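Visitor:
In my numbering, the protein residues as written are 8 to 85.
1) DSSP three-state label for residue 12, please.
2) Where residue 23 and residue 74 are concerned, what is the direct C-alpha to C-alpha distance, given to the nearest angstrom?
3) Check whether the Cβ atoms of residue 61 and residue 41 lie closer than 9 Å to each other.
4) When burial is assigned at 16 or more other CB atoms within 10 Å of the CB, is residue 39 buried or exposed?
5) For residue 52, which residues in the same chain have their Cβ closer than 8 Å to its Cβ, ignoring the five residues on either side in sequence?
6) When DSSP labels each residue in this structure, what does residue 67 get in the three-state scheme?
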């Protein structure tokens, strides 16, 4: 697999943000899981198909004015 193909492969991502988003926001985040943390943060997580989808999700977080605390990624299970 080339380096470019590795970057385009699906992956599981978790985005931790400041504030509480409830499950109603799942549609805004294309059905990704939304979990509220006990510390006043929210984690949005799920499989993203490629870098374009990753950048789109980051833009949505920005557009909501959310403070991004962390991003974690791992290869999607095949």
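Idealized CB from N, CA, C, for every residue including glycine. The structure displayed is predicted, hence computed values, not measured ones.
Guide: This is what the structure holds:
1) Confidence at residue 12 is low in this model, with a pLDDT of 49, below 50, so the placement of that residue should be treated as unreliable; the coordinate-derived value is given next. It is helical.
2) Roughly 9 Å between the two C-alpha positions.
3) With contacts defined by Cβ atoms closer than 9 Å, residue 61 and residue 41 do not form a contacting pair.
4) Counting Cβ neighbours within 10 Å, residue 39 comes out buried, since at least 16 surround it.
5) Answer for residue 52: 19, 20, 21, 22, 39, 40, 42, listed in chain order.
6) Three-state DSSP puts residue 67 in a helix.
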